[in-house]
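The numbers in the working numbering rise by one with no breaks, and the one at position 20 of the sequence shown is 112.
All residues carry an ideal CB built from backbone N, CA and C; glycine is no exception.
Here the structure comes first, spelled out in structure tokens, and everything after it is commentary.
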Amino acid sequence: MDIIFYGDKATMHQRSQPMDRKMMREINQNTLLNLIRTHAPVARTQLKKLSGLSMGTIVGITTVLIEQQLVVETGVAESTGGRKAGLLEIHPEGGYVIGIDLWENKITAALLNLHGNIIYKEIWSAPLRDNASHAVESIASGVEAFISHLPIPREKILGLGCGLSGSVNPHTGVSVDNWQLNWHNLELSFPLMGSLNMPVFVDNEVNCFASYEKLYGNGQKYHNFLLVSLGRGLGMASVIRDEPFRGGQGLGAEFGHIPFDVNGRLCECGNRGCFEAYIADHGIYNTYLELCNEPASVKAGEVNAATIHEVYERAQSGDARACKTFEETGVRLGIGLAVLVNLFNPECIIINGGEGHWVNLIQDSMKTAMQEHLFSQMGSNLEMIIEHNPTRLNWARGAGCLVLRDFFSSPAQLS
């Protein structure tokens, strides 16, 4: 027992137990896997510099990884003399993951290799909405059928990632509140694990997409970034110090349900004035209706991308009310982004522009409003990336990246 002094008080401190060799080896193995993933093609000598591990440890672990077909030697590094060093990279066929996206009454599935590339995909109808009691059975049977069509043996599948809208607890795998599907406190991960006999990870679809961005997309070079998704709802995921921010109950980062106007429009969640009620597709259309002096009572799910595209076309044709609709939407989103930047101070904001090109019409007013409401120098080095037209297949790939993130994370990170 150690006695440690803090100021004038002595505190008893129990030494932590030494880490066992198996855990240490797993941590070292995952460290090397990640370094090979992010620096490939990479020589063992470079891995030594990057990891701080001994050459003996690196040679031993990489030999095992090659035997397990998780790593492959792809060539040799340039050399000024002596034996040429072999270059390593992740073996894309060393394992596979499945990602599924649950959307209304449709499931989109993708098979990914260890490079995050989609090598097989399917879409099928499934009775999901208003059918919570049979949802797990429907999902499991669909995934089993999907697996039966795959060009790989089942034992090569590392796990299943499942993405869906709404409030999801990733620690318990429970869909806490999903207004689109009318699911509330529905257990998904454990029942699916039992049915499919493989690891299952469940998360909000925007968090899934952020996992893809961090592993393979525009978030790779940032330690702290936000992903904001526009469309049927208004979603957000935050990556802080390279890790997803979850909050105390795993339900954090609900940008869409921060109040914008406490006496404002009724939101799908039951509260009034949420940002989502103004910036999601139905919110944009209600703004247009208000400007046309018509009742603004359209609810979530009653407006699709085609409807918003009609307003977009009118704006492109010079319709003043349509132009004003997107200008006001940009101002509201800019104010919301300023709130997020003032809270998180991210290096980058990635805006996932939904299924339409209308994001182009809100950029100027959005950026102006955001800059006007930033605190101090918060936005001085902020980068903004706008992505267009992600398909449901891309969302499924994000779900698969939940499994890949787990695979490439060290035991210490996951504990």
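In terms of CA proximity to Arg324, Ile371 leads the group Ala302, Ile371, Glu279 and Asp112. Under the DSSP definition of a beta bridge, Glu181 partners with Val164. Between Ile239 and Ala218, the gap from beta carbon to beta carbon reaches 8 angstroms or more. A direct Cα-Cα distance of roughly 12 angstroms separates Ser409 from Leu453. For Asn223, no alpha helix (DSSP H) encloses it, and the DSSP letter there is neither H nor E. Judged by DSSP secondary structure, Lys198 falls within the beta strand (DSSP E) whose first and last residues are Lys198 to Asn205. When the beta-carbon positions are compared, Glu165 and Leu179 come within less than 8 angstroms of each other. Here DSSP, grouped into helix, strand and coil, assigns His276 to strand. Counting only runs of 4 or more residues that sit fully inside the segment 257-310, the alpha helix (DSSP H) segments are 281-288 and 297-307, in chain order.
Approximately 15 angstroms separates the beta-carbon atoms of Ala369 and Val423; this is outside 8 angstroms, ruling out the contact. Of the other Cβ atoms in all chains shown, 16 or more fall within 10 Å of the Cβ of Ser267; this residue is therefore buried. Following the DSSP letters along the chain, one finds Lys213 inside the beta strand (DSSP E) bounded by residues Ile210 to Ser217. In the assembly as shown, Ser233 is an exposed residue. Its beta-carbon has fewer than 16 other beta-carbons within 10 Å. In the structure shown, Tyr188 adopts extended strand secondary structure according to DSSP, grouped into three states.
Straight across, the Cα-Cα distance linking Lys114 with Thr137 is about 24 angstroms. Take the alpha-carbon of Asn486 and the one of Asp295: they are about 15 angstroms apart. Closest by C-alpha distance to Ser287, out of Ala237, Ala132, Leu125 and Leu432, is Ala237. The three-state reading of DSSP puts Met462 in helix, counting H, G and I together.
Check the Cα spacing between Val354 and each of Glu346, Asn363, Gly348 and Glu386: the tightest is with Asn363.
Per the Cβ contact rule, the segment 222-231 is not in contact with the segment 150-159 (fewer than 3 Cβ pairs under 8 angstroms). When the beta-carbon positions are compared, Leu125 and Ile150 stay at least 8 angstroms from each other. Beta-bridge pairing by DSSP links Met328 to Val320. The three-state reading of DSSP puts Arg333 in coil, since its state is none of H, G, I, E or B.
Sixteen is the threshold: when 16 or more other Cβ atoms of the shown chains lie within 10 Å of the Cβ of Pro336, as they do, the residue is buried.
When rounded, the separation of the alpha-carbon atoms in Met290 and Ile376 is 42 angstroms. With contact defined as three or more Cβ pairs closer than 8 angstroms, the segment 297-307 and the segment 254-261 are in contact.
Around Arg497, the same chain offers Ser303 as residues with beta carbons nearer than 6 angstroms, after the five sequence neighbours per side are excluded. One thing to note: Lys313 has its Cβ no nearer than 8 angstroms to the Cβ of Glu360. According to the DSSP assignment, Cys493 belongs to the alpha helix (DSSP H) that extends over Arg484 to Phe500. Close CB contacts of Asn434 within its chain, under the 7 angstroms cut and outside five residues either way in sequence, are with Leu466, Phe467 and Met470 (chain order). For Glu479, the enclosing beta strand (DSSP E) starts and ends at Glu475 to Glu479. Excluding its 5 nearest sequence neighbours in each direction, Pro438 has C-beta neighbours in its own chain below 8 angstroms: Tyr314, Asn316, Phe317, Leu318, Ser330, Leu432 and Leu474, listed in chain order. Per DSSP, the unbroken alpha helix (DSSP H) holding Asn378 starts and ends at Asp373 to Leu383. The straight-line gap separating the alpha-carbon atoms of Leu429 and Ala201 is approximately 32 angstroms. 8 angstroms or more divides the Cβ of Gly344 from the Cβ of Ala491. In the three-state scheme derived from DSSP, where H, G and I count as helix and E and B as strand, Asn396 is classed as coil.
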